[in-house]
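Take a look at the structure set out below.
In UniProt numbering, the protein residues as written are 1 to 224.
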């Protein structure tokens, strides 16, 4: 897999480049992993509903063809875009999503943080009361709220075109989280969004980016 660090990259230009890459690739095109940060932007998925964008203010809202609802990208967040041929990989979309989440979970574990999945809500979450606890989430959540006591630290949204993936996953490291209050993150009103800094982890963005990249390269290798 070819890994490219795009640095601080305009979202619309990156989105256009991903689409062009996916349209032009052949069965022999090597897979790539693009890593970047974006200037402040809200992105709306195919299922996105206007009411979930509460007050964008000066931050642009970009409609995309990925799955999911609205999310926010900004400096201090690592964004990873795997451009993978799933036919060569030997696994299907559901497992691909699982592997993306697993890469984030393993990255968080490098700093002692336990990441959790929530059924039916792609992405990774942490316990707000103790992000370092290793106990699994079991049983119904308090008040029948699947996000009770949790904060979302990583969002995920993908597109698969002719068996090839683009868009990807974002991991919050040390960012201005206030724009998340301008939306219902991922379509969930009141969902708390956190980053590593919020939960007490001072991790250099470059270090988190490098660990996430290594995990993605390892987990997205073709099945042997």
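Glycine included, C-beta positions come from ideal geometry on N, C-alpha and C. Predicted model, so just to flag it, every value in this text is computed and none were measured.
Would you grab the beta carbon distance between residue i and residue j for me? Rounded to a whole angstrom, and I think it's under 8 Å.
i: residue 186; j: residue 68; result: 6 Å
i: residue 80; j: residue 35; result: 6 Å
i: residue 107; j: residue 215; result: 5 Å
i: residue 170; j: residue 73; result: 6 Å
i: residue 83; j: residue 213; result: Incorrect: roughly 13 Å between the Cβ atoms, too far for contact.
i: residue 78; j: residue 11; result: With a Cβ gap of about 14 Å, residue 78 and residue 11 do not count as contacting.
i: residue 194; j: residue 172; result: 7 Å
i: residue 59; j: residue 179; result: 6 Å
Work out the CA separation of residue j and residue i for me, nearest whole Å.
i: residue 130; j: residue 192; result: 15 Å
i: residue 127; j: residue 71; result: 20 Å
i: residue 182; j: residue 101; result: 25 Å
i: residue 9; j: residue 38; result: 5 Å
i: residue 110; j: residue 6; result: 24 Å
i: residue 25; j: residue 158; result: 17 Å
i: residue 76; j: residue 211; result: 15 Å
i: residue 89; j: residue 220; result: 7 Å
i: residue 13; j: residue 223; result: 32 Å
i: residue 189; j: residue 28; result: 43 Å
i: residue 175; j: residue 209; result: 14 Å
i: residue 205; j: residue 98; result: 24 Å
i: residue 203; j: residue 156; result: 21 Å
i: residue 125; j: residue 153; result: 6 Å
Answer with buried or exposed for residue i, where buried requires no fewer than 16 other C-beta atoms within 10 angstroms of its C-beta.
i: residue 55; result: exposed
i: residue 161; result: exposed
i: residue 65; result: exposed
i: residue 218; result: exposed
i: residue 177; result: buried
i: residue 4; result: exposed
i: residue 122; result: buried
i: residue 30; result: exposed
Does the beta-carbon of residue i, which I'm using as the reference point, lie nearer than 7 Å to any heavy atom of the ligand NAP?
i: residue 107; result: Questions concerning the ligand NAP fall outside what the structure shown contains, since it holds no ligand whatsoever.
Segment contact flag, the segment 193-208 with the segment 89-99, C-beta cutoff 8 Å, min 3 pairs
no
If contact is defined by three or more beta carbon pairs under 8 Å, each pair taking one atom from either stretch, is the segment 19-28 in contact with the segment 146-156?
no
Secondary structure, beta strand (DSSP E): runs of 3+ residues fully inside the segment 45-78:
61-63, 71-73
Counting pairs of beta carbons, one from the segment 132-139 and one from the segment 156-171, are three or more of them closer than 8 Å?
no
Sufficient close CB pairs (3 or more, under 8 Å) joining the segment 113-121 to the segment 38-45:
no
Whole alpha helix (DSSP H) elements within the segment 129-205, 4-residue minimum
none
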